[in-house]
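> Dumping the structure here so I can ask a few things about it.
In my numbering, the protein residues as written are 417 to 494.
Following this line, the structure appears as structure tokens:
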């Protein structure tokens, strides 16, 4: 499942059998950061996404790339 397939109002509980709790948390955080940016807090969303990238860089590079992609999309709004 990609970030692009996550839409507002998605019932995350329905995904439980399909994806791991780790993946569900990542999707939830990516969605929350996008909503934070949409609410006008782009700088805060970018800072948090950047911190997530730093945390995930070595241990979970696939997840890091997703937060990095979000960060690059949000930076254009600054």
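Glycine included, every Cβ here is placed at the ideal spot set by N, Cα and C.
1) Buried or exposed, going by whether 16 or more other CB atoms sit within 10 Å of the CB of residue 482?
2) Give me the residue from 472, 484, 461 with the minimum Cα distance to residue 494.
3) Using only the alpha-carbon positions, how far apart do residue 436 and residue 445 sit?
4) Leaving out the 5 sequence neighbours to the left and right, which residues in its chain are closer than 7 Å to residue 452 when beta-carbon positions are compared?
5) Please classify residue 454: is it buried, with 16 or more other beta-carbons within 10 angstroms of its beta-carbon, or exposed?
6) For residue 486 versus residue 470, is the C-beta distance shorter than 8 Å?
In short, the structure shows the following:
1) Indexing the chain shown from 1 puts residue 482 at position 66. Classification of residue 482: buried, given that the 10 Å Cβ count is 16 or more.
2) As a working mapping, residue 494 is identified with position 78 in the chain shown. Ranking 472, 484, 461 by CA distance to the CA of residue 494 puts 461 first.
3) Translated into positions along the chain shown, residue 436 becomes position 20. Translated into positions along the chain shown, residue 445 becomes position 29. C-alpha separation (whole angstroms): 14 Å.
4) The count along the chain shown starts at 1 and reaches residue 452 at position 36. Around residue 452: 460, 461.
5) To locate residue 454, count along the chain shown from 1; it is residue 38. Answer is exposed; the Cβ neighbour count stays below 16.
6) Taking the first residue of the chain shown as position 1, residue 486 is located at position 70. Taking the first residue of the chain shown as position 1, residue 470 is located at position 54. No, the pair does not count as a contact, with Cβ atoms beyond the cut-off.
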